[in-house]
Amino acid sequence: MAAYLNRTISMVTGGGGGATNGTGYDNTAAALLDANASPRGLHTHGGGGTTGHNDVSPLQIFVRAKKKINDIFGEIEDYVVETTGFIDALPAQVEIVDKAESELFRSYVLKVAGIREVLARDHMKVAFFGRTSNGKSSVINAMLRDKILPSGIGHTTNCFCQVEGVDGDEAYLVKEGSDEKLNVTSIKQLANALCQEKLCESSKVRIFWPRKRCSLLRDDVVFVDSPGVDVSPNLDDWIDNHCLNADVFVLVLNAESTMTLAEKSFFHEVSTRLSKPNIFVLNNRWDASASEPEFQESVKAQHQERCIDFLVKELKVATLKEAEERVFFVSARETLQARLKEAEGLPAIAGALADGFQNRYFDFQDFERKFEECISKSAVRTKFEQHSSRGKGISSEMRMMLDNIYDRANQLRNQKLEQKKKLTDRIASTETQLMQVTREMKMKIHNMVEEVEQKVAKALNEEIWRLNVLVDEFNLPFHSDPLVLNVYKKEINGHVESGLGSNLRARLSTALAMNVETAQREMTDRMTALIPSEKIVFATHQVVARTQPFEMLYTLNCQNLCADFQESLDFRFSWGITAFIARFNGKMRAGTKKAITHNRQNSNMNVSQIMSPTSPMCLMPENELITQEQLSVISKVAVASIGSQGTLGLLVGGVLLKTIGWRVIVGAGILYGSVYLYERLSWTNAAKEKTFKNQYVQHATRKLKLIVDLTSANCSHQVQQELSSTFARLCRVVDTATTDMNSELKEIETSLAVIEANQKQIKVLSNKANFIQRELDIFESNYIKEN
């Protein structure tokens, strides 16, 4: 008894003086031991007693922990939803998340929602077990300070009754498998073993009691009353359905007897299914010991020893010190009556059933205090430690996944940066090389055009020099009739144009075509070197598809060129006066040209002096000294003078006759006439044709020489046009490839911007995961490890 008093005084005073401790217990031991002392100094949880100003229930630890863990999981839910939404919104071209990861992120949303739902329902659950009529329901009623559960002699509780708090003023109950709200008074019939409506002993009736009427319920404590362990063999079902989530077990014994095998067997089974369950042992009906005070201490010592051995040695769920703190001797019915009296404004002693009320009442309060401390610590650990670990696991897994995604995004970003660098270098190199190739190709085209111009001019001059051969090959019948001559001229013009064209093609076209093809091939090779490999086939196709085999066109147009040709087919005696004057004119012209050339080479006379109007060289036409008109006039004058019968003619004739003799003159005249007659008789159609062709050759030669430069320039222009168009198409292909590369570069830059933005968001989300883990670490440090 002395040890018990010392434990009591120590718990009440906290080892100090007269101050009130945090639980609100009066620290005056004498008042507790005095049978006549007022019980109002005792701590009461709820109504009835007075509570210290700084009283904080241990159950508030669970309440605060529950609020904190709910707040954290609210953040986790927001974080998971935000992360999942971000993952789902990632663009398809950013292939950094596979389908399995997306599904896993979505699964976290459901997991966290499930945990939050469980957390909202989590409460501190205490289960009461014992034999029939040991007072389990009375203990609960005493703790709740009201007659809620049915109680009485015999087998009273027929099923499991769960009492939990509800907001509002209405109290009601709900049967298992039903949502119907029944009047709370029905519990006395439904849960009573004497009721005609029999419920299965494993079924559960939930009683919802207003929280404001009971502080324990306000602090999220749930009480579960059970039938007697000695009335049903379905202990496994009881454990599975009602015990696995209990935080504290209260074994209610009958102090008038001893612990039975049924009670031991049940808790042996519980200890095998749960890891070190928290068990309190209440030896109820201890008020009966007051009738035999001489045996009270020995019986109490015996009960306490057996209970401690059961907890320590048999169940092995507590140490010796812990077991000593978990065995109590109370009277639940007496405590309930005392509290009901207090609610009526009467002293608690008014509910006493026997002597020693203060001790029993204090022991019940001591049980409640230890119970509150134990259930709060246990519930915080059992309810929230697992959720905290799961929250840390989810945040850790998501952070690892995000880190992996970040690494993949970083690899993709590096690839894109490498592609961007290569593409940028390729574009810059292409532009530089394109400028260089353009300069080289322009120079090559220029040189080739000049070469073609020279070759065409040379070949055409040579063909003009051989024009008489080509004209001689023309064998269309000739006639001097004007109508026939017009047709003849058209045909000979066509023959000359066709022949010159054929000869030029034979001499130049093949070589020119090969040179052009070679130049085109070189252009293609040089330009395709600037194009990505996948574009080369397209570039070649563009050049081949749009370019026909090159063929030079020689536009001579002899029909128009020789349209002004006028033949002269009148008979002209080669030894006539006109012929002599023409020969003389030709010799004079040749001598004059020779003199001009000599003077230009050997004198310092400048060009302006030579070509001066006063210069003797400018007194004659450029090509001839005597024109055809002048020669005709001179010839007529000479003939007229010789045939004249004037004095001069007679004089000249006389002189010649006397000098040479008439025979010579007659002979010369006969010879002259014979030559004239021969030539006149030889002036046939063939001679006319030959003369026509000679005249045509002379005329065509002059005209063709006038267009040599024009024709060679035209041919060079054709080559330039061909090569320039080929080079232009190649440039367009290169420009298209460059445009494609620039477009690809823009796409890469856009992808890089998206990837970098996603990386920033991933980093933010990863930091949020770290923040959540730190919050959970702080939560565990404050509420779990500390406990």
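If you use UniProt numbering, the sequence shown corresponds to residues 1 to 787, in order. For every residue, glycine included, the Cβ atom is placed at its ideal position computed from N, Cα and C.
- Between the region 278–289 and the region 349–368, the count of Cβ pairs shorter than 8 angstroms is three or higher; the stretches touch.
- In this structure the region 498–506 lies against the region 554–561, because at least three pairs of beta carbons, one per stretch, are closer than 8 angstroms.
- Secondary structure of N283 (DSSP, three-state): strand.
- Taking H242 as reference, the option from A255, E297, T258, V270 with the minimal CA-CA separation is V270.
- DSSP places K444 in the helix class (H, G or I) of the three-state scheme.
- Rounded to the nearest angstrom, the gap between the Cα atoms of S743 and V733 is 15 angstroms.
- Its chain contains S712, C715 as the residues whose beta carbon lies nearer than 6 angstroms to that of V456, once the 5 sequence neighbours on both sides are disregarded; these appear in chain order.
- Take the alpha-carbon of E334 and the one of G356: they are about 11 angstroms apart.
- For the pair V139 and K383, the Cα-to-Cα distance works out to about 25 angstroms.
- Only residues of its own chain outside the window of five on either side were considered, and among them V754 have a CB closer than 8 angstroms to the CB of P91, listed in chain order.
- A buried status is given to S376, since no fewer than 16 other beta-carbon atoms sit within 10 Å of its beta-carbon.
- When C-beta atoms of the region 302–314 are compared with those of the region 114–126, fewer than three pairs fall below 8 angstroms, so the two segments do not count as touching.
- Per DSSP, the continuous beta strand (DSSP E) segment holding V221 begins and ends at 221–225.
- With contacts defined by Cβ atoms closer than 8 angstroms, Y406 and I762 form a contacting pair.
- If you draw a 10 Å sphere on the C-beta of I778, you find fewer than 16 other C-beta atoms in it, and that means exposed.
- Per DSSP, the continuous beta strand (DSSP E) segment holding F329 begins and ends at 327–329.
- Fewer than three beta-carbon pairs drawn from the region 424–435 and the region 671–688 are found closer than 8 angstroms, and the two stretches are therefore not classed as touching.
- Your pair F208 and L173 checks out as a contact, with CB atoms roughly 7 angstroms apart and the cut at 8 angstroms.
- Between L144 and C161, the gap from beta carbon to beta carbon reaches 8 angstroms or more.
- Taken through DSSP and simplified to helix, strand or coil, Y172 comes out as strand.
- Under the 10 Å beta carbon count, M514 is surrounded by fewer than 16 other beta carbons and is classified as exposed.
- The beta carbon of N283 sits closer than 6 angstroms to those of L253, A255, H303, F329, all from its chain and outside the five residues before and after it, given in chain order.
- Exposed is the label assigned to M443, since fewer than 16 other Cβ atoms lie within 10 Å of its Cβ.
- Distance from L723 to M448 at the Cβ level is roughly 7 angstroms; contact confirmed, criterion being Cβ atoms closer than 8 angstroms.
- In the three-state reduction of the DSSP assignment, N183 falls in the strand class, which pools E and B.
- Contact annotation: the region 459–470 touches the region 700–712, with at least three C-beta pairs closer than 8 angstroms.
- K204 is classed as buried because its beta carbon has at least 16 other beta carbons within 10 Å across all chains shown.
- Rounded to the nearest whole angstrom, the CA to CA distance from G494 to A511 is 26 angstroms.
- With respect to V248, N278 sits close: the two C-beta atoms are nearer than 8 angstroms.
- For F208, the three-state secondary structure derived from DSSP is strand.
- DSSP, read as helix, strand or coil, puts F129 in strand.
- A Cβ-Cβ distance of about 5 angstroms is found for the pair L59 and E372, placing them in contact under the 8 angstroms criterion.
- Following the DSSP letters along the chain, one finds Q162 inside the beta strand (DSSP E) bounded by residues 160–166.
- Its Cα nearest to that of L470, the residue K693 stands out among K693, E756, N782.
- Leaving aside the five residues that flank D219 on each side, the residues in its chain whose CB is nearer than 8 angstroms to its CB run, in chain order, S57, L59, Q60, F62, V63, M124.
- By the C-beta criterion, the region 394–402 is judged to be in contact with the region 70–86, since at least 3 inter-stretch pairs fall below 8 angstroms.
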